[in-house]
Amino acid sequence: MSKRRTREPKEENVTLGPTVREGEHVFGVAHIFASFNDTFIHVTDLSGRETLVRITGGMKVKADRDESSPYAAMLAAQDVSQRCKELGITALHIKLRATGGNKTKTPGPGAQSALRALARSGMKIGRIAFNLGISYSLVSGCDTNSNGQHPQKGWQKGKKAVSCLSSEKFHFGGAALIAW
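Residue numbering for the sequence shown follows our numbering, starting at 424 and increasing by one per position.
See the structure below:
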């Protein structure tokens, strides 16, 4: 009988992240959502499709009232930075977002401390973009105020409100669109 050969398992060197030359920075995008109830730090690749790490202030503290605190945001940012370094991300573009809409357009208390903690932990900061949730109306030519936005609800006392949809033309950036 012949001897059976046993295959020895080959050890593979598994590395996470892209291969880079020395001195190059690998960028990710840090989406910071800072409300007055919590602070989210969500790091994606440059396309924004692949989530690399997501940590909130509520994951770092026990008390509900401390979720949006600068301390919780700082702890979350430090964890995000550590995980990014493990994945090979060395630099971040920042997208800062507030609640917006009908609510406050001001970022919460954790926004500044999260940004500072990311910078102090050794991450290079690329561009900082603010998305504060301010809507801009594209519809002009109907009942709008001087900014081109729709007036606040209840501004016509006693009058029947005329919808913009009843007008015959909409103007989108100079191009006319006829209503159906």
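Glycine residues also receive a C-beta, built at the ideal position from the N, C-alpha and C atoms.
By the neighbour-count definition (other C-beta atoms within 10 Å, threshold 16), Ile-512 is a buried residue.
Under the Cβ criterion (8 Å, minimum of three pairs), the region 529 to 542 counts as touching the region 487 to 502.
Cβ-Cβ separation between Ala-495 and Val-484: approximately 5 Å, consistent with a contact (criterion under 8 Å).
When C-alpha distances from Gly-471 are compared across Asn-460, Gly-451, Met-482 and Gly-480, the shortest belongs to Gly-451. With a beta-carbon spacing of about 11 Å, Leu-555 and Gly-524 fall beyond the 8 Å limit used to define contacts. Per DSSP, reduced to three states, the secondary structure at Lys-518 is strand. Of Thr-527, Met-497, Glu-473 and Asp-487, the smallest CA-CA separation from Ala-537 is found for Met-497. Secondary structure of Gly-549 (DSSP, three-state): strand. In this structure, the alpha-carbon of Phe-459 lies about 11 Å from that of Lys-528. Under the three-state reduction of DSSP output, Ala-486 falls in the coil class, being neither helix nor strand. Take the alpha-carbon of Thr-467 and the one of Ala-486: they are about 28 Å apart. Approximately 6 Å separates the beta-carbon atoms of Ala-540 and Gln-501; this is inside 8 Å, confirming the contact.
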